[in-house]
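*Asks:* I have a structure here, written as structure tokens, and I will follow up with some questions on it.
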Amino acid sequence: MATTTLSRPSDNKWIAGVCAGLGDRFGIDANLIRLAFVISCLLPGPQFIVYIVLWIIMPKRAGY
66 MATTTLSRPS DNKWIAGVCA GLGDRFGIDA NLIRLAFVIS CLLPGPQFIV
116 YIVLWIIMPK RAGY
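What follows is the structure, encoded as structure tokens:
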């Protein structure tokens, strides 16, 4: 079930919960987002910077 806001859960997280939060928001399995992130790291680009920025700006989900 997709959530209406973009937030990081306190459960189902591996590092910071960014991929789990994105998966919850868009109704996609978090493992697929994690796999896409790892594969994207093989390409040049700012993947790690985007991850860190999302880690900073995404609030933790309340109630957990």
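Residue numbering for the sequence shown follows this note's numbering, beginning at 66 and increasing consecutively. Here a beta-carbon is modelled for each residue, glycine too, at the ideal position from N, C-alpha and C. In this text the structure is predicted, and so the values were computed from the model without any measurement.
1. Once you ignore the five residues that flank A81 on each side, which residues in its own chain have a CB closer than 7 Å to its CB?
2. Is the beta carbon of C84 sitting closer than 9 Å to the one on F113?
3. Under three-state DSSP, which class holds R73?
4. How big is the Cα-Cα spacing for A95 and R126?
5. Under 8 Å from any heavy atom of the ligand HEM, does the C-beta of C106 make it?
*Replies:* The relevant details are as follows:
1. Excluding positions up to five away in sequence, the list reads R73, W120.
2. No. Outside cutoff.
3. Residue state, collapsed to three classes: strand.
4. Distance between the alpha carbons of A95 and R126 is about 16 Å.
5. Here there are no bound small molecules, and the ligand HEM is not part of this structure.
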